[in-house]
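Asks:
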Amino acid sequence: MSISEQRVSANGVSLWTATQGSGPPVALCHGGPGIYDYLGPVAAMIDDVATVHRYDQRGCGRSQDLGPYDITTFIDDLDALRAYWGYEAWTVVGHSWGASLSLLYAIQYPERTSCLVYFSGTGVDPAWHQEYRSNREVKLPPTERKRFRLLNQRRLTATGEELKRIKEERSYLLEKSELYDVTRLNDVPRYDRFRMNYSLN
Numbered sequence: 000m001s002i003s004e005q006r007v008s009a010n011g012v013s014l015w016t017a018t019q020g021s022g023p024p025v026a027l028c029h030g031g032p033g034i035y036d037y038l039g040p041v042a043a044m045i046d047d048v049a050t051v052h053r054y055d056q057r058g059c060g061r062s063q064d065l066g067p068y069d070i071t072t073f074i075d076d077l078d079a080l081r082a083y084w085g086y087e088a089w090t091v092v093g094h095s096w097g098a099s100l101s102l103l104y105a106i107q108y109p110e111r112t113s114c115l116v117y118f119s120g121t122g123v124d125p126a127w128h129q130e131y132r133s134n135r136e137v138k139l140p141p142t143e144r145k146r147f148r149l150l151n152q153r154r155l156t157a158t159g160e161e162l163k164r165i166k167e168e169r170s171y172l173l174e175k176s177e178l179y180d181v182t183r184l185n186d187v188p189r190y191d192r193f194r195m196n197y198s199l200n
């Protein structure tokens with residue numbers, strides 16, 4: 000099935016989109032926000048029965064990096080895409096952070112949501128964040144854990160290039176906490192200019 004990529008101006012931001020298939024409309028909402036390009040295989044699995052829309056959320060991947068970064072704006076972005084494509088209602092499918100976004104979209108716009116598919120979501124209560132972050136931090140060796148905490152403190156007052164360097168080093172340390180075998184970190188594919196929006200999740 001062919002894939003049509005397009006930039007859509009929605010809710011004041013330019014969003015990268017990909018559309019494939021034919022049938023009832025489905026929107027796929029990625030996790031992260033920022034882990035933007037992994038739902039292609041899901042789209043391919045259902046494009047024989049649905050018109051599937053994927054998009055990179057605001058500030059992520061190939062979409063414009065333009066705030067504000069809050070849940071209301073992300074919901075409005077999703078609804079602006081629905082309106083752009085001319086649907087009265089559609090199925091919203093979300094994974095992880097995208098599941099939370101989809102759930103909140105369906106709560107705000109039940110008449111515009113024909114179906115909600117929620118998988119591996121975190122719910123609408125962000126109380127899990129602190130425990131999750133603590134669990135990740137514990138996985139770091141003591142010297143890196145100490146460095147990570149120092150970076151967290153410096154991040155509060157840093158600006159410009161210093162802030163950018165701090166974010167990059169924090170990201171690197173957090174990546175290590177996600178792997179079972181940290182000695183294989185360099186085996187993980189690297190993406191230059193990979194943009195992730197840490198403001199929401």
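Residue numbers are given in numbering that gives the first Met the number 0: position 159 of the sequence shown equals residue 158, and the series is strictly consecutive. All C-beta atoms in this analysis are idealised placements derived from N, C-alpha and C, irrespective of residue type, glycine included. Quantities reported herein were computed from a predicted structural model and do not represent experimental measurements.
Please report the residue range of the beta strand (DSSP E) in which Q107 lies.
Replies: First-last for Q107: W96 to Q107, but that is the alpha helix (DSSP H), not the beta strand (DSSP E).
Asks: For R154 and P67, I'd like the C-alpha separation in whole angstroms.
Replies: About 20 Å.
Asks: Which same chain residues end up closer than 6 Å to L65 when comparing Cβ atoms and leaving out the 5 residues on each side of it in sequence?
Replies: Answer for L65: V12, listed in chain order.
Asks: Do A98 and Y83 have their beta-carbon atoms positioned less than 9 Å apart in this structure?
Replies: Against a cut-off of 9 Å, the Cβ pair of A98 and Y83 comes out as no contact.
Asks: Looking only at its chain, what residues have a beta carbon closer than 6 Å to the beta carbon of N10, apart from the 5 residues adjacent to it on each side?
Replies: For N10, where only same-chain residues beyond five positions count, the Cβ hits under 6 Å are D75, D76 and A79.
Asks: Comparing alpha-carbon positions, which option in L150, G22, L102 and H52 lies nearest Q5?
Replies: When only C-alpha atoms are compared, the closest one is H52.
Asks: Provide the residue span of the beta strand (DSSP E) that contains R53, from first to last.
Replies: Taken as a continuous stretch (DSSP letters only), the beta strand (DSSP E) holding R53 covers T50 to Y54.
Asks: Per DSSP, what are the beta-bridge partners of C59 in this structure?
Replies: None; C59 has no bridge partner.
Asks: What are the boundary residues of the beta strand (DSSP E) that includes T121?
Replies: Taken as a continuous stretch (DSSP letters only), T121 belongs to no beta strand (DSSP E), as it is neither H nor E.
Asks: Based on the DSSP output, what are the partners of W90 in its beta bridges?
Replies: In the sequence as displayed, the identity of residue 90 is Thr instead of Trp. DSSP, once it has assigned bridges, lists V25 and C114 as partnering T90.
Asks: Using 8 Å for Cβ pairs, my map puts W89 next to V25. What's the rounded Cβ distance?
Replies: Going by Cβ atoms, the distance from W89 to V25 rounds to 6 Å, so yes, they are a contact pair.
Asks: Skipping 5 residues on each side, what residues in its chain have a beta carbon closer than 8 Å to that of I165?
Replies: Closer than 8 Å at the Cβ level, and outside the excluded window around I165, lie L150, R153, R154 and A157.
Asks: Would you list the residues sitting across from R6 in a DSSP beta bridge?
Replies: The partner list for R6 (beta bridge, DSSP) reads W15.
Asks: In this structure, does DSSP put G30 in helix, strand or coil?
Replies: G30: strand per DSSP, three-state reduction.
Asks: Look at the alpha carbon of S205 and the alpha carbon of G20, and state the distance between them as a whole number of angstroms.
Replies: The structure shown does not extend to residue 205, since the chain is modelled only from 0 through 200, so no value can be given for it.
Asks: Just tell me which of G33, E174, S62 and Q63 has its CA closest to the CA of E143.
Replies: Nearest option by C-alpha distance: E174.
Asks: From this set, L100, R146 and V48, which residue's C-alpha is nearest T71's C-alpha?
Replies: The candidate whose alpha carbon is nearest that of T71 is L100.
Asks: Given E168, which residues of its chain have a CB within under 7 Å of its CB, disregarding the five upstream and five downstream residues?
Replies: Within the same chain, E168 has close Cβ partners L150.
Asks: Indicate the three-state DSSP secondary structure (helix, strand or coil) for R144 in the structure shown.
Replies: Reduced to three states, the DSSP call for R144 is helix.
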